[in-house]
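Chains as they are written, first to last, in the working numbering: chain A, 1 to 296; chain B, 1001 to 1794.
Ideal Cβ positions, reconstructed from N, Cα and C, are used throughout, including at glycine.
Please read these numbers as outputs of a predicted model, since none were measured by experiment.
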């Protein structure tokens, strides 16, 4: 096995162009396990740990450009005020040791439906910055997942960063696993309120072949909020509306039975998480100190 | 350690040196283990060593038509490839009780992961690739996966032509062993019952999940023998099984214990011992084998999964009239310790209660599922889950508090067990329950803090799945009892060699046993005993190896009792010889040597009145006093094969738990908030260490209650989750505070009055947690582990 160690981003892109079969290695959360289990024998590994840019983030024009290797520990500790949904998701990733190494780029590269970051990325409206020697493009995250553990990257492309709008409203993330820490998701749910655009976005993990949004649920809720002038008044949501939102989120799932759980339970649990996270997010929205002065 | 007016051990010790019996002496390996510096068996290294690898069966049941090793042998760096054809002698099977397990499969594999071939290569990766190049030509056979497929008229026989001791009395050749226990008249008692509850319970397959995988190093010796360094639970039992397969006399198989990373029963059976030795003898090179995590799940036996059908009857006053039970254990493809597990399940089936009318049948099946054998609690665990669930249902029917029903039926000293054996030492069942019940409950809604919700205190933890929505608290109780030591007439002995000599004028004791330290704390206990018995402060523990007699297994909660007893006995003999030496040397000049009762204390010989006669250094001079002696606990008897009657057990350990849980009733997630345990340990030889044992056993019981299970696909008998990604064990956020209340009611038959302690807490923690979940949800929950979809199916 050849171990390629580019010193910087240009070298990394050149190496990937020269060896499109090379497997990128950053935190190693998935790749090392596959190597150790003998599930994967790539001819080449492309070690990205020396590429400094991947470990950096910057904020500009209301958006965070998050390097693919910025570890989850950093997201939790330093970016929670900008990216609260992703920070909540980061807390649920594996163990402290792994959170010190692993980044969002690995979740995207593996594109497992169980990746913890995906529901938060979907809810936030993230875009993946993919690059190659041919140039750079930004892929909306919902178009990035193309199948079970497949993504939209071309063979010569690497993930440089993820672009996430700075949160303009409350964001929530909740996951179900059969252990209280260090557990792969049985299912997960991300929710973001976007008062600026009067929209709601969702993300569902581990309950369909790819991470998905609950489009019908988002549209339904946006309609309810608009019709009831909730955005203007901060009025509480009717429990019937929350229940319908939850049911539509559950309906957006296409889960399977596997060793971790059943399809039926996953659909049910996504509904419960949708209802709870919506209640938390809307409560937080209503409780904003500057909000709804004089409103009902 | 409040004693509450109850009788306590009166230990006669002669020494007063620090670090003796009863003190919380810290582990010598504790710091090394938590800092990652401890050398485990997987860290062994030898110049010029090769790496061994096992090829395992990808299917559960098949006829092996051919194994083609040509391509594997052609890989550069490969030094040997061995199959069944290459075994050196006619002895080609091994086994703890019944030698039915092939060293390497010949013409048939009986379970997923059964070893087929071995490779030695100069690099582990080379060995793995070469093993993958061995071609297996096989024809799959019909599967036996449960009781109905095992006992069907046309069922394939796992072991046709059985000649083992149980073959003659089993109802079907796919039954490893069957043990009834019958006492009284159940039919008549049933007519007297005012309330009867019946239930069927299912216990999933638990794994020992030790963190140090199977590993060791075999070094060929110039005399044709082999030096084997390995992590095991019983060096001499290993050697007894290894030597005949290698064609060597036992003395040429020299075994030394390597660093053990947990055992819990999973290292009783052989794993890589014979394989590494075969490769070493074939290649003439040291061979190291280390299983990876996935292989480890195939490298050892698991806890028997079980189906248990119970009927309990009681009078309106809450007195048990009768219990009938049928316990079916899945032993998997090979016998391992299934017969002894059956004996435990049968004899302990009704729990620590007085029941005069009992009809119990326990049996273990041969199937194509993974082999099952020893695991902490050993047959008593499965039964306890079922009988404690039954006791709760009976209490509910009678309108009694669960603890009150148990109290009314609790066994005590003098009670007679369903086997006819009289309990002849304290049995504080009611007292243990009283203690856990009287503890104050942890505060409600602990997750509410001044800074908001602390999700770590809630079901789901940092997964943030609830902020209190759907959360209901439940409380549950359970009590259990477990036999200590090997039962049913087994010659359960240990051996200790103790040497006392003077170094630089100061007395130094050396304790040498073959006891496998697997974490249980023998490394402190044996030095404590030597200090107490010999009155010295410096005690050296020699490495465990086969240069000394057998210590028996580090199993069955027995080592502190049995090897501790052997060390104490050897120390007493050394003491007598030292005093004899002193009498010879000084008796003529100092009449107190001959007239007084003499003790060893603080490195000196003193009279009972406290007069110092001489320093031990002066008594010993240049001489060393050494004694090696075997020691036995009192004998036991086999159970009658038809009635189960017999004095089968040596001693019992008792523990009770109260579990407090918060259940997210909508998502089915559980947070265990507290698991209080009260246990009678007879004598806390090392209070810190035994508290750790109680907490560890409690946590292992928590694991099977809510998460741990090896999932075997019933359609293929293949293991679906051989990894720590999908075989979940409790983390720190799953393990609650475990307050431990130790009772010390001396067993007059045991050294220092102590009781074996390691297993009992594993029994009662599981049913206590499930009772608490039932309390919170109102669900029946007849199966463990309880999974979220069992509570909230959707």
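For residue j and residue i, the rounded distance between their alpha carbons
i: residue 1005(B); j: residue 1744(B); result: Summary for residue 1005(B): the model assigns pLDDT 36, below 50, so the residue's position carries little reliability; its value from the coordinates is reported in the next sentence. Taking the straight line joining both Cα atoms gives about 11 Å.
i: residue 1018(B); j: residue 1753(B); result: 20 Å
i: residue 1098(B); j: residue 1557(B); result: 23 Å
i: residue 119(A); j: residue 1458(B); result: 22 Å
i: residue 1559(B); j: residue 1259(B); result: 17 Å
i: residue 1561(B); j: residue 1681(B); result: 11 Å
i: residue 1584(B); j: residue 1499(B); result: 19 Å
i: residue 82(A); j: residue 1387(B); result: 54 Å
i: residue 1093(B); j: residue 263(A); result: 44 Å
i: residue 1012(B); j: residue 1175(B); result: Any reading at residue 1012(B) needs caution, since the residue's pLDDT is 38, under 50, leaving its predicted position unreliable; the model's value is listed next. Going by the C-alpha atoms only, they are around 49 Å apart.
i: residue 127(A); j: residue 63(A); result: 11 Å
i: residue 1781(B); j: residue 1774(B); result: 7 Å
i: residue 1631(B); j: residue 1514(B); result: 13 Å
i: residue 1009(B); j: residue 1760(B); result: For residue 1009(B), the predicted model reports a pLDDT of 35, less than 50, meaning its position is unreliable; a value from the coordinates is still stated below. Their backbone Cα atoms lie some 20 Å apart in a straight line.
i: residue 1339(B); j: residue 1416(B); result: 24 Å
i: residue 235(A); j: residue 282(A); result: 9 Å
i: residue 1391(B); j: residue 1194(B); result: 15 Å
i: residue 208(A); j: residue 188(A); result: 11 Å
Bridge-paired residues (DSSP) for residue i
i: residue 1457(B); result: According to DSSP, residue 1457(B) bridges with nothing at all.
i: residue 1177(B); result: 1364(B)
i: residue 163(A); result: 65(A), 127(A)
i: residue 135(A); result: 132(A)
i: residue 1255(B); result: 1228(B)
i: residue 1651(B); result: 1484(B)
Nearest-angstrom Cβ-Cβ length linking residue i and residue j, presumed shorter than 8 Å
i: residue 50(A); j: residue 19(A); result: At roughly 17 Å, the Cβ-Cβ gap does not stay under 8 Å, so residue 50(A) and residue 19(A) are not in contact.
i: residue 1305(B); j: residue 1360(B); result: Incorrect: roughly 19 Å between the Cβ atoms, too far for contact.
i: residue 1470(B); j: residue 1664(B); result: 5 Å
i: residue 1177(B); j: residue 1044(B); result: With a Cβ gap of about 37 Å, residue 1177(B) and residue 1044(B) do not count as contacting.
i: residue 1141(B); j: residue 1062(B); result: 6 Å
i: residue 1420(B); j: residue 1650(B); result: About 16 Å; that fails the 8 Å criterion.
i: residue 248(A); j: residue 222(A); result: No, residue 248(A) and residue 222(A) are not in contact; Cβ-Cβ is about 12 Å, not under 8 Å.
Residue range of the unbroken beta strand (DSSP E) whose run includes residue i
i: residue 172(A); result: 171-176
i: residue 1511(B); result: 1506-1512
i: residue 1203(B); result: 1195-1203
i: residue 245(A); result: From DSSP, residue 245(A) is part of no beta strand (DSSP E) but of the alpha helix (DSSP H) over 239-251.
i: residue 1540(B); result: 1538-1541
i: residue 189(A); result: 187-194
i: residue 57(A); result: 57-60
i: residue 1066(B); result: 1062-1068
Limits of the unbroken alpha helix (DSSP H) element including residue i
i: residue 144(A); result: 141-144
i: residue 1388(B); result: 1380-1398
i: residue 1033(B); result: 1030-1034
i: residue 1169(B); result: Taken as a continuous stretch (DSSP letters only), residue 1169(B) belongs to no alpha helix (DSSP H), as it is neither H nor E.
i: residue 1490(B); result: Run containing residue 1490(B): none; DSSP gives neither H nor E here.
i: residue 72(A); result: 72-78
- Item | Three CB pairs or more closer than 8 Å across the stretch 1592-1609 of chain B and the stretch 1451-1468 of chain B | no
- Message: Check whether the stretch 1714-1734 of chain B and the stretch 171-183 of chain A are in contact - that is, three or more C-beta pairs closer than 8 Å.
- Response: yes
- Any contact of the stretch 1346-1365 of chain B with the stretch 1119-1137 of chain B, i.e. 3+ C-beta pairs under 8 Å? no
- Message: Assess contact between the stretch 1655-1662 of chain B and the stretch 1762-1769 of chain B, defined as three or more Cβ pairs (one per stretch) separated by less than 8 Å. Is contact present?
- Response: yes
- Message: Between the stretch 1301-1317 of chain B and the stretch 1074-1082 of chain B, can you find at least three pairs of beta-carbon atoms closer than 8 Å?
- Response: Touching, no.
- Using 8 Å as the Cβ pair cut-off and three pairs as the minimum, do the stretch 1286-1296 of chain B and the stretch 1323-1332 of chain B touch? no
- Using 8 Å as the threshold, is the stretch 1691-1709 of chain B in touch with the stretch 1400-1414 of chain B, meaning 3 or more CB pairs across them? no
- At least three beta-carbon pairs within less than 8 Å, the stretch 1613-1628 of chain B to the stretch 1639-1650 of chain B: no
- Message: Is it the case that the stretch 1265-1273 of chain B contacts the stretch 1236-1245 of chain B, given that we only count it when at least three CB pairs across the two stretches are under 8 Å?
- Response: yes
- Would you check if there are 3 or more beta carbon pairs closer than 8 Å linking the stretch 149-163 of chain A to the stretch 1419-1435 of chain B? no
- Message: Can you confirm whether the stretch 1225-1232 of chain B touches the stretch 1245-1258 of chain B when touching is taken to mean that 3 or more C-beta pairs between the two stretches lie within less than 8 Å?
- Response: yes
- Message: Taking 8 Å as the cut-off, does the stretch 1185-1201 of chain B touch the stretch 1367-1378 of chain B (at least 3 CB pairs, one atom from each stretch)?
- Response: no
- State whether the stretch 1020-1039 of chain B contacts the stretch 1526-1545 of chain B, with contact taken as three or more CB pairs (one from each stretch) at a distance under 8 Å. yes
- Message: Across the stretch 21-33 of chain A and the stretch 91-111 of chain A, are there enough close Cβ pairs to call them in contact, namely three or more that are closer than 8 Å?
- Response: yes
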